[in-house]
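Below is one structure; the comments refer to it alone.
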Amino acid sequence: MKLVKFLLGLLKVLLIVVVVLFVVYFWNLDEKLLGWAYQQVNEMFNRKKVDIKF
971 MKLVKFLLGL
981 LKVLLIVVVV
991 LFVVYFWNLD
1001 EKLLGWAYQQ
1011 VNEMFNRKKV
1021 DIKF
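Count the sequence shown with the numbering used here and you get residues 971 to 1024, in order.
Dropping the structure here:
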């Protein structure tokens, strides 16, 4: 009985993990989050144009 409860709990956790990973993959949420973070970093460290002379 304990083994069945454990296996059902494990199955539930694995199913939740698979669904969350699929949603992140399907809607490209990782790329959208990194794009937003990249814009924030660029605003913080805004580079000024520099003439490079050799």
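Cβ atoms here follow ideal geometry from the backbone N, Cα and C, with glycine treated the same way.
Counting only runs of 4+ residues fully inside the segment 976 to 1022, write out the alpha helix (DSSP H) ranges in chain order. 999 to 1014
Assuming residue 994 and residue 1000 make a contact with CB atoms under 8 Å, what is their CB distance in whole Å? 6 Å
Pull up the distance between the alpha-carbon of residue 987 and that of residue 1011, whole angstroms please. So the alpha carbons of these two residues sit roughly 30 Å apart.
Any heavy atom of the ligand FAD closer than 7 Å to the CB of residue 1002? The ligand FAD is not among the ligands present in this structure, which contains no ligands whatsoever.
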